[in-house]
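Heads up: the structure comes next, in structure tokens.
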Amino acid sequence: MTTVSLTVNGQSVTADVDPRTLLVQFLRDNLRLTGTHVGCDTSQCGACVVHLNGQAVKSCTTLAVQANASVITTIEGISQGGELHPMQAAFREHHGLQCGYCTPGMIMSAIDIVNRKGNTLDEQTIRAELEGNLCRCTGYHNIVKAVAAGAQGMAQTPLQQAAE
Amino acid sequence: MTETGIGAPVRRKEDQRFVTGQGRYVDDFNRPGQAHAYFLRSPHAHAAIRSIDTGPATIMPGVIAVFTGDDLAADKIGGLICGWMIHSKDGSPMKAGPHPALAQGKVRYVGDHVAVVIAETLAQAKDAAEAIVVDYDVLPAVVETAQATKTPVQVHEVSADNTVFNWHLGNKDETEAAFARAKHVTKIDLVNNRLVPNPIEPRAAVGEYDFGTDNYTLYTTSQNPHVARLVLSAFIGVAPEHKLRVIAPDVGGGFGSKIFIYAEETVCVWAAKKVKRPVKWTSDRSEAFLSDAHGRDHVTHAEMATDENGKIIGLRVHTTANLGAYLSTFSSSVPTYLYAPLLSGQYDIPAIYCEVDGVYTNTAPVDAYRGAGRPEATFVVERLVEKTARELGQNPAEFRRKNYITQFPHATPVIMTYDTGDYAASLDKALEISDYKNFDSRKQESARRGKLRGIGFSSYIEACGIAPSQAVGSLGAGVGLWESAEVRVNPTGSVEVLTGSHSHGQGHETTFAQLVSDRLGISIDQVSIVHGDTDKVQFGMGTYGSRSGAVGMSAIAKAVDKVIAKGKKVAAHVFEASEGDIEFKDGRFGVAGTDRSMAFGEIALQAYIAHKFSGQDLEPGLKEGAFYDPTNFTFPAGVHICEVEIDPDTGVTKIERWTAVDDFGVIINPMIVEGQVHGGIAQGVGQALLEGAVYDQSGQLITASFNDYCMPRAIDLPSFQVGMTTTPCPSNPLGIKGCGEAGAIAAPPAVINAITDALGHEDIAMPATPQAVWRAAQKARMPMAAE
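Chains as they are written, first to last, in the working numbering: chain A, 6 to 169; chain B, 490 to 1276.
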């Protein structure tokens, strides 16, 4: 067993883990943060995307020990004071989800896209940047609309973005 | 229309939990004392099992038990079943081979279940599975659909040539006569490629047994938990029906693949009692590729006869349908009664004859996948119609229009009676939205850039709202396909609706609440939808075949009507008026012709406090149930137009425009309906351009991960232009036809018709990958060089 210490959604966490434990297993099994999902075993689907030190990573392809001393944000950690994060609100408003299984990863990826590409995103950019996330329900049509709107929403709420 | 009533694009109630990571899927459930199951699967497509030595595995760290098929047999656990009996042309019943949950003596596809290890952790179970010694006698395998009956390989003892059934539908003599007098006959050979459903949530199961009460609980990724309970109890014999609770909580997509009752959940429930611990299994994606039931996989030759006026006068079809190594739960119905009855499409075709040979191969079982039979039928009809129009030198839109059914009801030669529709209206709207009249100039503009532009139509129809119980019973179904609902009104006037439908992305918690809120005149927030738990919902047939609106909501409407009727009785006592004088309008019960009225919630309270009537006159309480059995299938139909641009140098096909005009009858929530259309189109485009399950000759699945099986990504798809036309469905009280499968049915022929239009020849198969399209484009450029 190996000891890992990290910050998850603003809280300090220390645990002994089997060295082969993946970050997603640590989040789901140890911390019971089950919003982060596993949809594949080849790092393709993106249902497991979380932020590690502010950048999107696939937590199925990250060892828990690699996240030692880092700051992790999951889908459970982005809304503030009961208010949805603008990207969460945009997915809801634009029907960017159906079964909801890919949604946490989509939202975490989308926030990362905005962080990297800014608040005004054209359709082609969004589609290309969603390369690492699979959705089987929506045909992406409304996800693209949601990401564009969420990006605009994030521009209007700088405090929330900063909290990310 | 109110802001939340029928027809309003209400934002989904369920989304709050999904966007915040609070959805509860099966893998999110962990039971106290839970152990983990891992299935040892066959690495061979076909092998006799000489022996299995589980000894080395049982002494591995953390191992609680290792079970094989012998252990299940010792406990008299039955095999998995196929619930739809198909009879061959000669009247003989289909040849159903045994389907044990864990192999007994033989494995028949790569991924077949050989043994299960139950351990303290999943990692320990996986490690121990590697220590199981299986002595296989590897046998030759049959993999290809078209070769299944032409090989000495025998998958099941019950079938010498791997035939499951030789089935037919239609009138052979009339069809032959039509072809004899035809002016023109168009022929086509088609492969409907095998697909892997791939909902993003893999299947999972947690079995639990309570020794105190003798109760079993199964958490499972199911589209129809009551059907799962029925099959697990009545047929497989894992537990008595009244002692088995099946819970299907949030389920992350199904597309048909979560209808079926699989080996894994069977074993988890059974093993929980054996090891006296809850037993959990979660599929990984590789297992899902191997063992989720696949879809499609047809090889078809079809011919269309036309007369001197360009009218279609006959259609004959021969299809070989690969059913895989075992008959999955509804597999036999998919290439038969969900397929051939749709071969008339939207067209007035006087004579149709279809033969279907169902065959076994050493591949994963094949069963219903989004559309289930109807996409395969539509692909045949719409490819043939397109090719016929081209051969006759007719405009494909106008050729379709000339042959459309225009009078309703219309009885086809293949047992369906279409109730209503206006196919020309959808075509006109689609032509307008797609700017068809300017297509030629766009094509020329593409040509100037060295690109090939093509346009493809798909005038699809589907039969859904599945289904009238008596009708499907006469066709071989083992169950009725009605739906149930219970509307429980609380003393405060809030309402719980218990439904046998199951939502795994369809948004029932919103649309069903819209209906009830609209009918009862109460806020949508006062309505909770309860589903997916056999202890709460008495019975239900679940969600598939675009049936939850047309059938599930009709049951709810019926129960709501009963609630209103009971409410009127209560109100009559409260107002001391005649029951016949009580009106219910805008959420209030009132006495006709007076200003005396009370809100729905006030009457609900009166029903429960029961101070205004005696128990002899009226039962207290306000709770009603209903079963609704449809009187006909519903027939959603529409026109999709796909416009592509092909780069002949790279073979890349880019979808430039997608127009969908659908007639779904009455729509409860257009936002959700459009979302269903988008998702269906994406799966259809995936089939046409990207997806295909490929087995090698030895039966190894080559495309067994998302690295190898090409799922549609955002960059592969355009935004869609979606329009609607409406002819209300006359056969259910809400006028709903259903929308869940339309896109997946319509899309594949639209794409291939567009590609073949661009190429100028018909020689392209699905998936039309860049490599395939490049080859086809070279053939178009230099026909000789590509030979």
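Backbone N, C-alpha and C fix where the C-beta goes; we use that ideal spot for every residue, glycine too. On a predicted model such as this, the values are computed, not experimentally measured, just so you know.
Cβ separation of residue i and residue j, assumed to be a contact under 8 Å, to the nearest whole Å
{"i": "residue 499(B)", "j": "residue 1013(B)", "result": "7 Å"}
{"i": "residue 1150(B)", "j": "residue 1215(B)", "result": "Going by Cβ atoms, the distance from residue 1150(B) to residue 1215(B) rounds to 11 Å, so no, they are not a contact pair."}
{"i": "residue 758(B)", "j": "residue 696(B)", "result": "4 Å"}
{"i": "residue 975(B)", "j": "residue 1114(B)", "result": "4 Å"}
{"i": "residue 1195(B)", "j": "residue 50(A)", "result": "6 Å"}
{"i": "residue 1059(B)", "j": "residue 1009(B)", "result": "With a Cβ gap of about 14 Å, residue 1059(B) and residue 1009(B) do not count as contacting."}
{"i": "residue 1121(B)", "j": "residue 957(B)", "result": "6 Å"}
{"i": "residue 694(B)", "j": "residue 753(B)", "result": "6 Å"}
{"i": "residue 656(B)", "j": "residue 847(B)", "result": "7 Å"}
Residue i versus residue j: straight-line alpha-carbon distance, rounded
{"i": "residue 1264(B)", "j": "residue 1190(B)", "result": "25 Å"}
{"i": "residue 1015(B)", "j": "residue 1090(B)", "result": "10 Å"}
{"i": "residue 969(B)", "j": "residue 1228(B)", "result": "22 Å"}
{"i": "residue 165(A)", "j": "residue 1169(B)", "result": "Summary for residue 165(A): the model assigns pLDDT 48, below 50, so the residue's position carries little reliability; its value from the coordinates is reported in the next sentence. Looking at the two C-alpha atoms, the distance is approximately 35 Å."}
{"i": "residue 1036(B)", "j": "residue 833(B)", "result": "21 Å"}
{"i": "residue 1163(B)", "j": "residue 495(B)", "result": "15 Å"}
{"i": "residue 1255(B)", "j": "residue 1051(B)", "result": "50 Å"}
{"i": "residue 1275(B)", "j": "residue 1252(B)", "result": "Only weak support exists for where residue 1275(B) lies, its pLDDT of 44 falling under 50; the coordinates are left without a value."}
{"i": "residue 1217(B)", "j": "residue 911(B)", "result": "11 Å"}
{"i": "residue 1069(B)", "j": "residue 868(B)", "result": "54 Å"}
{"i": "residue 111(A)", "j": "residue 54(A)", "result": "8 Å"}
{"i": "residue 87(A)", "j": "residue 32(A)", "result": "22 Å"}
{"i": "residue 628(B)", "j": "residue 948(B)", "result": "45 Å"}
{"i": "residue 588(B)", "j": "residue 36(A)", "result": "40 Å"}
{"i": "residue 1065(B)", "j": "residue 1100(B)", "result": "13 Å"}
{"i": "residue 169(A)", "j": "residue 603(B)", "result": "Confidence in residue 169(A) is poor, its pLDDT being 48 and thus under 50, which makes the residue's placement unreliable; the coordinate value appears in the next sentence. Cα to Cα, residue 169(A) sits roughly 48 Å from residue 603(B)."}
{"i": "residue 113(A)", "j": "residue 567(B)", "result": "45 Å"}
{"i": "residue 562(B)", "j": "residue 508(B)", "result": "45 Å"}
{"i": "residue 140(A)", "j": "residue 641(B)", "result": "42 Å"}
{"i": "residue 638(B)", "j": "residue 829(B)", "result": "21 Å"}
{"i": "residue 787(B)", "j": "residue 684(B)", "result": "11 Å"}
Minimum C-alpha distance to residue i - residue among the options
{"i": "residue 485(B)", "options": "982(B), 906(B), 666(B) and 912(B)", "result": "What is shown of chain B runs 490 to 1276, which leaves residue 485(B) out entirely."}
{"i": "residue 565(B)", "options": "626(B), 491(B), 721(B) and 679(B)", "result": "721(B)"}
{"i": "residue 633(B)", "options": "1132(B), 903(B), 539(B) and 814(B)", "result": "814(B)"}
{"i": "residue 1175(B)", "options": "1257(B), 1114(B) and 1102(B)", "result": "1257(B)"}
{"i": "residue 550(B)", "options": "614(B), 819(B), 1235(B) and 1065(B)", "result": "614(B)"}
{"i": "residue 610(B)", "options": "865(B), 519(B) and 1125(B)", "result": "519(B)"}
{"i": "residue 1000(B)", "options": "1068(B), 577(B), 908(B) and 1161(B)", "result": "1161(B)"}
{"i": "residue 1238(B)", "options": "606(B), 745(B) and 1172(B)", "result": "1172(B)"}
{"i": "residue 1181(B)", "options": "767(B), 682(B) and 1266(B)", "result": "682(B)"}
{"i": "residue 98(A)", "options": "1038(B), 638(B) and 502(B)", "result": "502(B)"}
{"i": "residue 1039(B)", "options": "1225(B), 942(B) and 906(B)", "result": "1225(B)"}
{"i": "residue 923(B)", "options": "649(B), 1137(B), 1128(B) and 778(B)", "result": "1128(B)"}
{"i": "residue 209(A)", "options": "636(B), 691(B) and 645(B)", "result": "Given that chain A is displayed from residue 6 to residue 169, the structure contains no residue 209(A) and the question cannot be resolved."}
{"i": "residue 658(B)", "options": "536(B), 793(B), 904(B) and 823(B)", "result": "904(B)"}
{"i": "residue 1007(B)", "options": "1101(B), 921(B) and 1073(B)", "result": "1073(B)"}
{"i": "residue 1011(B)", "options": "1240(B), 966(B), 1092(B) and 1198(B)", "result": "1092(B)"}
{"i": "residue 1022(B)", "options": "888(B), 737(B) and 652(B)", "result": "737(B)"}
{"i": "residue 919(B)", "options": "1270(B), 1211(B) and 1044(B)", "result": "1211(B)"}
{"i": "residue 890(B)", "options": "605(B), 906(B) and 915(B)", "result": "915(B)"}
{"i": "residue 886(B)", "options": "717(B), 917(B) and 1201(B)", "result": "917(B)"}
{"i": "residue 1110(B)", "options": "1078(B), 1055(B) and 1142(B)", "result": "1055(B)"}
{"i": "residue 785(B)", "options": "1248(B), 933(B) and 1183(B)", "result": "1183(B)"}
Checklist entry - Between the segment 510 to 522 of chain B and the segment 35 to 51 of chain A, do three or more beta carbon pairs fall short of 8 Å? => result yes
Item to check | Sequence ranges, beta strand (DSSP E) only - wholly within the segment 717 to 780 of chain B, length at least 3 | outcome: 733 to 736 and 768 to 771
Next on the checklist: Pairs of beta-carbons, one from the segment 1078 to 1089 of chain B and one from the segment 1175 to 1190 of chain B, closer than 8 Å: are there three or more?
Outcome noted: no
Item to check | Residue ranges of each alpha helix (DSSP H) within the segment 852 to 885 of chain B, 4 or longer | outcome: 863 to 880
Checklist entry - Fully enclosed by the segment 614 to 674 of chain B, which beta strand (DSSP E) runs are 3 residues long or longer? => result 622 to 627 and 652 to 659
Next on the checklist: Check whether the segment 147 to 160 of chain A and the segment 107 to 125 of chain A are in contact - that is, three or more C-beta pairs closer than 8 Å.
Outcome noted: yes
Checklist entry - Does the segment 699 to 706 of chain B come close enough to the segment 818 to 828 of chain B that 3 or more CB-CB pairs lie under 8 Å? => result no
Item to check | Inter-stretch contact (C-beta, 8 Å, three-pair minimum) for the segment 728 to 737 of chain B and the segment 772 to 779 of chain B | outcome: no
Checklist entry - Would you call the segment 708 to 719 of chain B and the segment 747 to 761 of chain B touching, i.e. three or more CB-CB distances under 8 Å? => result yes
Checklist entry - Is it a yes or a no for the segment 944 to 961 of chain B touching the segment 852 to 871 of chain B, going by three-plus beta-carbon pairs under 8 Å? => result yes
Next on the checklist: Whether or not the segment 1130 to 1139 of chain B and the segment 1151 to 1158 of chain B are in contact is what I'm after, with contact meaning three or more pairs of Cβ atoms, one per stretch, closer than 8 Å; do they touch?
Outcome noted: no
Checklist entry - Taking one C-beta from the segment 931 to 943 of chain B and one from the segment 1239 to 1248 of chain B each time, how about it: are there three or more such pairs within less than 8 Å? => result yes
Checklist entry - What are the uninterrupted segments assigned as beta strand (DSSP E) that are 3 or more residues long and contained completely in the segment 945 to 1023 of chain B, given in chain order? => result 972 to 978, 984 to 988 and 1016 to 1019
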